[in-house]
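Chains as they are written, first to last, in our numbering: chain A, 1 to 350; chain B, 351 to 700.
Number of protein chains: 2
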Amino acid sequence: MIVPIEIRQPEFKRYDITIDTLPKLHYDRKVAIVTNTTVAPLHLARVMERLEAPQIEVIELPDGEEFKTMETVLSILDRLFEARYDRSSLLIALGGGVIGDMTGFASSLYQRGIGFVQMPTTLLSQVDASVGGKTGVNNRWGKNLVGAFYQPEAVYIDPAFLETLPEREYAAGIAEVVKMAVMFDRDFFDFLEKSDLKAPETAVEMIARSVSLKADVVNRDEKEAGVRAVLNYGHTFGHVIENETGYARYLHGEAVAIGMVMANELAVDLGQLSREEAERIRVLLEKWGLPTRYRVENPEAFYEHFFLDKKSRNNRIKFILPGGSIGSYVMRDDIPKAQVLKALERFRES
Amino acid sequence: MIVPIEIRQPEFKRYDITIDTLPKLHYDRKVAIVTNTTVAPLHLARVMERLEAPQIEVIELPDGEEFKTMETVLSILDRLFEARYDRSSLLIALGGGVIGDMTGFASSLYQRGIGFVQMPTTLLSQVDASVGGKTGVNNRWGKNLVGAFYQPEAVYIDPAFLETLPEREYAAGIAEVVKMAVMFDRDFFDFLEKSDLKAPETAVEMIARSVSLKADVVNRDEKEAGVRAVLNYGHTFGHVIENETGYARYLHGEAVAIGMVMANELAVDLGQLSREEAERIRVLLEKWGLPTRYRVENPEAFYEHFFLDKKSRNNRIKFILPGGSIGSYVMRDDIPKAQVLKALERFRES
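Next comes the structure, spelled out in structure tokens:
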């Protein structure tokens, strides 16, 4: 006998991303703010000032990707159990991507899921981690290998968070914004070229357009299987660069900037992008002080590195490239190795 | 600026529960079977015989609720990473509820979610854990306090699994079946009274009706907030009994059987159930050798124990009772303490 089971789910998970001065927040639930030792001195007072709840715990973690582990997440859960938090309690992630990923993951686990609110403080986490629901931790086998898909119930992006962000980290966030524009929205690319992205109003518009684009991609992924992979533009090359340099020399966004320039070289060779538009992208990245050069000592070795990435299955590398011009994309897994090596050769002396 | 985000989800998660001799299963993905030292000698050969996959790992855990911990789940993940399993890999849970809960949880975590298949070997896990998606582990603060909601992609219930199940465990599963019938389906209760539930065809029908009823409850919970709590009929009292007896004297289903009889005493007093129908329920449970008596030494202390349960918020205990007769339910949080003590008094000498 076969019993077909259909578990009904809400068709949408809805939440608002508020890009504005942090409003007064009144919760009738216990709240725990998860933050780190770098962010707390800068922004915790501002959040506490605006927050009302029957109980507020602050969980301050050490700062750094090396603490993005299951042990840290379990320590968050321990704190919540000790304070007798229940299923109606709420976590607030105050910090960058590492804090957001761990807080979201802890929220998904605690009593099989409690609410969480994101207050991303870096440009990168504002544009990237606010949408998509990816949470998780690293382990000795790699990054983000253990985690959950879990959506926040609200995201608050206070432009004041950005005032204390180092210039270099701001630029690293811009790299992901440029990625979205090159792949999906030519008009947005024009906007990025001509705007002062440090000016508060322009920053707000940039963030709003980025998160809308990303939400659109995440939703299309349902029907258009794999379109979410387009978000890896610049990342296929970038991951190898990060790996070759021991995750020490470049911020993630910086490696992605170089990776986009590399992908563009390949795209130009394949007729997927004009040389002129490749230059426009390079110039925009350099305007933000992002690196666009990287010395590939051994193209063959660089190529072999692609296969260590968890995204390359069946020995086929999926390259994400502009799809003819800025504002469109193509996914190709049929590019001959020689073609890729030819593009990498150009970075030998760079 | 406020950007509304809507993340689209499939409206249903669909899977089949096949209640029949285990079919031949061909997977073109790597498979890991998670089982324990009690179940493996009984059923592993049968499963291996019918299973084809490019790689099959067997992860054999120690048997027992005390191993239902995060450490055990992390050890499952470690084995998968060591064997280089990827996002397309599949876990098979071969065992009772503990194995199912941990395997489902591990599946939800590995690379943010891989497929899993349930092969529940106890009647309790067949009727209870096959539907609902609750996975997780215990910790020093309580049971199932860390976990995820995660659906299997298929459930296979081979009646042969039941042949080796001790009589007492079979009866404990029956208690949960009786619970479903008393709450939701009078006709099903009649069927249980008049059928030989050990006969294979009748067992198959009993399991099929139970899982269908549970799927219906889980889906109604969307609209009818909290109807899922009805599944706690017998559990509110049962948990206290399990706790008072150190989780040692009774199987969970046995404590639930006593709990239902206690709830029924309260229901009779409140006019929610006739004495005659309360007797029918008691007789059916006793026919299976299930306990229906328990000596409440101190009704006042028993009552206080309700408040240690994570389900009783705001100092109000929600009692799930028959709603006038067998086949219907009522949820009440307005029952005076004196009324409950009066019902408990009757168990002082039992």
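C-beta: ideal position from N, C-alpha, C; glycine also. In this text the structure is predicted, and so the values were computed from the model without any measurement.
Take A:Y110 as the anchor and find which of B:Y460, B:W491 and B:D436 has the nearest alpha-carbon.
It is B:W491 whose Cα lies nearest to the Cα of A:Y110.
Three-way DSSP call (helix, strand, coil) for A:F149 in this model
Correct three-state label for A:F149: strand.
Could you tell me if B:N614 is buried or exposed, where buried requires 16 or more neighbouring beta carbons within 10 angstroms of its beta carbon?
In the assembly as shown, B:N614 is a buried residue. Its beta-carbon has 16 or more other beta-carbons within 10 Å.
At least one CB of chain B closer than 8 Å to the CB of A:S212: is that the case?
Yes, because at least one Cβ of chain B sits closer than 8 Å to the Cβ of A:S212.
Going by DSSP, which residues form a beta bridge with A:M70?
A:M70 pairs with nothing; no bridge assigned.
At 4 residues or longer, and completely inside the region 442-518 of chain B: list those alpha helix (DSSP H) runs for me, N to C.
The DSSP assignment places 447-459 and 510-513 as complete runs of the alpha helix (DSSP H) inside the region 442-518 of chain B, in order along the chain (cut-off: 4 residues).
Give, in chain order, every residue of the region 355-380 of chain B whose Cβ lies closer than 8 Å to some Cβ of chain A.
Hits within the stretch, in order: I355, E356, I357, R358, Q359, P360, E361, F362, K363, R364, Y365, D366, I367, T368, I369 and D370.
I'd like to know whether the C-beta atoms of A:Y170 and A:L123 end up nearer to each other than 8 Å.
Contact: yes.
If you measure from the beta carbon of B:V646 to each beta carbon in chain A, is any gap under 8 Å?
No, B:V646 does not count as interfacial toward chain A.
Considering only C-alpha positions, which residue in the set A:Q9, A:E349, A:V98 and A:V218 is nearest to A:V34?
From the listed residues A:Q9, A:E349, A:V98 and A:V218, the smallest Cα separation to A:V34 is found for A:V98.
Kindly say whether B:F538, judged by its beta-carbon, lies nearer than 8 Å to any beta-carbon of chain A.
By this cut-off, B:F538 is not an interface position.
With a cut-off of 8 Å, does the C-beta of A:S312 fall near any C-beta of chain B?
Because the pLDDT of A:S312 is 48, which lies under 50, any placement of that residue in the model is unreliable, and the question is left without a value.
Beta carbon proximity, A:V127 to chain B, threshold 8 Å
Interface residue (Cβ-Cβ distance to chain B less than 8 Å): A:V127 is not classified as such.
For the region 509-584 of chain B, which segments carrying the alpha helix (DSSP H) assignment without a break, of at least 4 residues, lie completely within its bounds, in sequence order?
Runs of alpha helix (DSSP H) with 4 or more residues, each lying fully within the region 509-584 of chain B, are found at 510-513, 517-534, 536-544 and 550-573, listed in chain order.
Against chain B, which members of the region 111-144 of chain A pass a CB distance test of less than 9 Å?
Of all residues in the region 111-144 of chain A, the ones placed with a Cβ closer than 9 Å to any Cβ belonging to chain B are Q111, R112, G113, S130, V131, G132, G133, K134, T135, G136, N139, R140, W141, G142 and N144, in chain order.
Minimum C-alpha distance to A:L90 - residue among A:T202, A:E57 and A:V73
Nearest neighbour of A:L90 by Cα position, chosen from A:T202, A:E57 and A:V73, turns out to be A:E57.
Cβ neighbours of B:K661 in the same chain (closer than 6 Å, five flanking residues each side left out)
At B:K661, the pLDDT of 49 sits below 50, so the modelled position is not reliable; the number obtained from the coordinates is stated separately. When the five nearest sequence neighbours on each side are left out, no beta carbon in the same chain lies closer than 6 Å to the beta carbon of B:K661.
Closest by CA to A:I59, which one among A:H43, A:D190 and A:L80?
Looking at the Cα atoms, A:L80 is the closest of the given residues.
Return the CA-CA distance between B:L601 and A:V117, expressed in angstroms with no decimal places.
Taking the straight line joining both Cα atoms gives about 40 Å.
List the endpoints of the continuous alpha helix (DSSP H) containing B:E626.
First-last of the alpha helix (DSSP H) with B:E626: R625 to K637.
Report the three-state DSSP secondary structure of B:Y644 (helix, strand or coil).
It is coil, neither helix nor strand.
Could you spell out where the alpha helix (DSSP H) holding A:E254 opens and where it closes?
It spans H252 to D269 - the alpha helix (DSSP H) in which A:E254 sits, taken as one unbroken run.
Close-in-space but distant-in-sequence residues of the same chain around B:T387 (CB under 7 Å, 5 per side omitted):
Cβ neighbours of B:T387 beyond the five flanking positions: E410, P412 and D413.
DSSP three-state label for B:T586, please.
DSSP places B:T586 in helix when its eight states are reduced to three.
Under 7 Å Cβ to Cβ from A:A215, same chain only, skipping five residues before and after it: list those, please.
Annotation for A:A215: V131 place their beta carbon closer than 7 Å to its own, counting only its chain and skipping 5 residues before and after.
Whole-number beta carbon distance between B:L581 and B:V567, since they are thought to touch under 8 Å
Between B:V567 and B:L581 the beta-carbon gap is near 6 Å, inside 8 Å, which marks them as a contact.
Expressed to the nearest angstrom, what Euclidean distance is found between the alpha-carbon atoms of B:I309 and A:M180?
With chain B covering only 351 through 700, there is no way to say anything about residue 309 of chain B.
Report the option in B:A390, B:I670 and B:E432 whose CA atom is closest to the CA atom of B:A579.
Nearest of B:A390, B:I670 and B:E432 to B:A579, Cα basis: B:I670.
Helix, strand or coil for A:E11, going by three-state DSSP, please let me know.
For A:E11, the secondary structure class from DSSP, reduced to helix, strand or coil, is coil.
Anything in chain B within Cβ reach of A:F149, meaning under 7 Å, just list it in chain order.
Chain-ordered, the chain B residues with CB closer than 7 Å to the CB of A:F149 read R462 and G463.
Rounded to whole angstroms, what's the CA-CA distance from A:L51 to B:M398? Just pull it up for me.
A:L51 and B:M398 have their C-alpha atoms spaced approximately 57 Å apart.
Give me whichever residues DSSP pairs with A:D16 in a beta bridge.
Looking at the DSSP output, A:D16 sits in a beta bridge with B:P354.
Within-8 Å CB hit, A:I2 to chain B:
Judged by the 8 Å Cβ criterion, A:I2 is in contact with chain B.
Bridge partner(s) assigned by DSSP for B:L671:
DSSP lists B:V680 as partners of B:L671.
Under 8 Å, Cβ to Cβ, is there at least one residue of chain A near B:N614?
No, its Cβ sits nowhere closer than 8 Å to a Cβ of chain A.
Give the single residue among A:D190, A:E279, A:A93 and A:G104 whose Cα lies nearest to the Cα of A:G136.
Among A:D190, A:E279, A:A93 and A:G104, the Cα nearest to that of A:G136 belongs to A:G104.
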